[in-house]
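In my numbering, the protein residues as written are 1378 to 1741.
Yeah, the Cβ is synthetic: ideal placement off N, Cα and C, and Gly gets one too.
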């Protein structure tokens, strides 16, 4: 597969935008509804994006409610009982590489989701398959759509762009505590973001493996505002650099232009009562309760489906890292500094081609 440059990607996005005919919208009580004659292809793209949003927001709770319903209100009470035995036996699989099923990652639904935004993957350098990697993804955005589509699926044909590299996106362990729902991320190769999990991926699975970390995490999600500058939570997050040194894993900075533009978040400036409440909840449960909205499935005004807005994911060149069993603070700081410098370079080099020349990269 021929690798696209950022310019080629943006040209393709603009061409697709021009060939989509403008349709008359129906407005009822301030709500803009999608035209009835919207092509089936675009409907399928919308449904694919909606499926991920609703899975992200409600599937975990759905797994709990399903278990309770089967046990207390049906004659199928043995199903949750048997599953609970499996659940306990399998509880640590999220720290042992998951159960990555490639066929699931190649489902057509991911191509529809790629084309919905559209979302494009840009390669700037090779990732040799004889090395292991820690890929840092920025920014978090609200739901990290770019991280999921690029690294948990074959929506952008990652395995063809970077042959021989097996990616494992990492997320909070709490996402693997929900019954039934937990099986889904495991099948996509998604694992727990812990040192034990990262070391398993980097040391127990041979070469050509990549642990993908959304470094800014839940804290950074609170700074994901549509159209604003990019605020990254990175200055004091150095654990990934330490783990890279301990395991001799090369660091790969990745920046997704447009990740923050697919939802509108309620204004929550630092120091405001809302922001203080959100940070309190985040410290309490590990998840930041961002207040946001997108569009709906059949209307464009309000809902939890992301807006159609281009996302361009630029994968930087790997930073070579030699193994250091017990790295010093100076070694960690030096590697972290190189990583931040290269991330800034990616941003400044590509922001003009992605139509974001007016934006700044702010690292906190």
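Notebook entry, point to check: By Cβ distance, which residues of its chain are closer than 6 Å to residue 1422, with the 5 residues on each side in sequence left out?
Noted result: 1489, 1492 and 1493
Check: DSSP puts residue 1405 in a beta bridge; with which residues?
Finding: In DSSP, residue 1405 forms a bridge with 1408.
Next item on the list: Tell me the start and end of each unbroken beta strand (DSSP E) in the segment 1546-1592 that is at least 3 residues and wholly inside, in chain order.
Entry: 1586-1591
Next item on the list: Measuring alpha carbon to alpha carbon, tell me which of 1687, 1522, 1700 and 1615 ends up nearest residue 1731.
Entry: 1687
Margin query: Using 8 Å as the cut-off, can you tell me whether the segment 1629-1646 makes contact with the segment 1514-1530, which would need three or more C-beta pairs spanning the two stretches below that distance?
Written below: yes
Check: In whole angstroms, what is the alpha-carbon distance linking residue 1484 and residue 1429?
Finding: Whole-angstrom Cα-Cα distance: 13 Å.
Check: Under a Cβ-count criterion, where at least 16 other Cβ atoms within 10 Å of its own Cβ denotes burial, should residue 1399 be classed as buried or exposed?
Finding: Its pLDDT being 49, under 50, residue 1399 is placed unreliably in this model, and the value from its coordinates should be taken loosely. Per the 10 Å Cβ criterion, exposed.
Margin query: Quick check: the Cα distance between residue 1724 and residue 1680, rounded to an integer number of angstroms?
Written below: 30 Å
Margin query: Measuring alpha carbon to alpha carbon, tell me which residue in 1652, 1736, 1588 and 1673 is nearest residue 1529.
Written below: 1588
Notebook entry, point to check: If you scan the segment 1466-1523 from start to end, which runs of the beta strand (DSSP E) of 3 or more residues do you find wholly inside it?
Noted result: 1496-1500 and 1510-1515
Next item on the list: Measure the CB-CB distance between residue 1505 and residue 1695 and report whether it falls below 9 Å.
Entry: Contact: yes.
Margin query: Going by the DSSP bridge assignment, what does residue 1670 pair with across the sheet?
Written below: 1641
Next item on the list: Please name the residue or residues paired with residue 1631 in a DSSP beta bridge.
Entry: Note: residue 1631 sits in a beta bridge opposite 1514 and 1692.
Notebook entry, point to check: For residue 1737, does the count of other Cβ atoms within 10 angstroms reach 16, so buried, or fall short, so exposed?
Noted result: When all chains shown are included, residue 1737 counts as exposed.
Check: In the DSSP assignment, what are the bridge partners of residue 1543?
Finding: 1586
Note to self: DSSP three-state label for residue 1682, please.
What the structure shows: strand
Check: Per DSSP, which one or two residues make a beta bridge with residue 1676?
Finding: 1410
Margin query: I'd like to check one pair, residue 1498 with residue 1533: are the Cβ atoms closer than 9 Å?
Written below: yes
Next item on the list: Compare the beta carbon distance of residue 1625 and residue 1507 with 9 Å and say whether it is the shorter of the two.
Entry: With contacts defined as CB atoms closer than 9 Å, residue 1625 and residue 1507 fail to qualify as a contacting pair.
Check: So does the segment 1704-1721 actually touch the segment 1441-1454, counting three or more Cβ pairs closer than 8 Å?
Finding: no
Notebook entry, point to check: Closest by CA to residue 1712, which one among 1571, 1615, 1662 and 1650?
Noted result: 1615
Checklist line | Helix, strand or coil at residue 1399 according to DSSP, with G and I counted as helix | finding: Unreliable positioning characterises residue 1399 in this predicted model, as indicated by a pLDDT of 49, which lies under 50. The coordinate reading is nonetheless provided below. Correct three-state label for residue 1399: coil.
Next item on the list: Note down, in chain order, each residue of its chain lying with its Cβ closer than 6 Å to the Cβ of residue 1786, except the 5 sequence neighbours on either side.
Entry: Only positions 1378 to 1741 of the chain appear in this structure, which leaves residue 1786 out of reach.
Note to self: Taking the straight line between their C-alpha atoms, what separation do you get for residue 1556 and residue 1550?
What the structure shows: 13 Å
Notebook entry, point to check: By the 10 Å Cβ neighbour count, where 16 or more other Cβ atoms means buried, how is residue 1478 classified, buried or exposed?
Noted result: exposed
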